[in-house]
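Residue numbers (the working numbering): 1 to 251.
Built from N, CA and C at the ideal position, the CB exists for glycine as well.
If you're wondering where the values come from, they're calculated on a predicted model, not measured in any experiment.
Data block below; observations after.
See below:
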């Protein structure tokens, strides 16, 4: 349940403690010059980066300390006990898969200080219901919210230019989404199998829509965004985007 980092350790690789469900505490030798532990949580020495939150830690809420600037790759991945994470306004970056498979995470309020969200950062957060992307984020990466099957509300700010591959795939509870005018590309399968969606608004200046983006919107009686297909800005559109749209009219 506990692991101790000795004095001489100078480097710990990504995912070093992955799939350790019984780990409840990481302890660091007080003479180690690179790492420190606070309440069993592993940080770099100056506490600006959270490296590992123990998967088996029993707490349901965590408040990110004010010194923290980045959440490392996989830092909270698989922490099933967490239902709420409260971020400080100092956080600017959330690493790849940082909160992936936090299956009971209900509350997520990202501060406006965040400018970078890594690939798969929140994939598999099955209980997450709403997300507001901070205004400084310019791209949403690969699989960022994939398999967030309770997600019903997403706010994407003006300034985001691209939505990555499989970003919202299998978000089956999502019913509507508005894509801001700043977005010029939506990658492969970004909205794949979002079967609950009844409306999407796309920007007039969008240039690229990847394969299977609008696949299996089986509950959609009318998609008012399809007039945008006549816009000259679209440079790439794939036939397979529109599989299973028997009732859709394209103008």
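Can you tell me whether residue i is buried or exposed, with buried defined as 16 or more other CB within 10 angstroms of its CB?
{"i": "residue 63", "result": "exposed"}
{"i": "residue 57", "result": "buried"}
{"i": "residue 18", "result": "exposed"}
{"i": "residue 155", "result": "exposed"}
{"i": "residue 114", "result": "buried"}
{"i": "residue 164", "result": "buried"}
{"i": "residue 238", "result": "For residue 238, the predicted structure reports a pLDDT of 49, less than 50, and the residue's modelled location is therefore unreliable. A value from the coordinates is still provided. It is exposed - the Cβ of residue 238 has fewer than 16 other Cβ atoms within 10 Å."}
{"i": "residue 181", "result": "exposed"}
{"i": "residue 10", "result": "exposed"}
Excluding five sequence neighbours on each side, which residues of the same chain lie with their C-beta closer than 6 Å to the C-beta of residue i?
{"i": "residue 80", "result": "103 and 104"}
{"i": "residue 86", "result": "63"}
{"i": "residue 6", "result": "29"}
{"i": "residue 136", "result": "115"}
{"i": "residue 132", "result": "155"}
Out of the options, state which residue places its alpha-carbon closest to the alpha-carbon of residue i.
{"i": "residue 61", "options": "84, 169, 130 and 92", "result": "84"}
{"i": "residue 162", "options": "174, 77, 130 and 139", "result": "139"}
{"i": "residue 141", "options": "95, 173 and 128", "result": "95"}
{"i": "residue 198", "options": "88, 36 and 153", "result": "153"}
{"i": "residue 52", "options": "12, 46, 59 and 66", "result": "12"}
{"i": "residue 88", "options": "106, 65 and 75", "result": "65"}
{"i": "residue 4", "options": "204, 21 and 37", "result": "37"}
Going by beta-carbon coordinates alone, are residue i and residue j separated by less than 7 Å?
{"i": "residue 117", "j": "residue 90", "result": "no"}
{"i": "residue 173", "j": "residue 202", "result": "no"}
{"i": "residue 210", "j": "residue 188", "result": "yes"}
{"i": "residue 27", "j": "residue 35", "result": "no"}
{"i": "residue 77", "j": "residue 100", "result": "yes"}
{"i": "residue 134", "j": "residue 109", "result": "no"}
{"i": "residue 23", "j": "residue 55", "result": "yes"}
{"i": "residue 167", "j": "residue 190", "result": "yes"}
{"i": "residue 67", "j": "residue 47", "result": "yes"}
{"i": "residue 14", "j": "residue 98", "result": "no"}
Which residues in the same chain as residue i place their Cβ atom closer than 8 Å to its Cβ, once the five residues preceding and following it in sequence are excluded?
{"i": "residue 16", "result": "52"}
Would you call the segment 119-135 and the segment 145-156 touching, i.e. three or more CB-CB distances under 8 Å? The segment 119-135 makes contact with the segment 145-156, as at least three CB pairs between them are under 8 Å.
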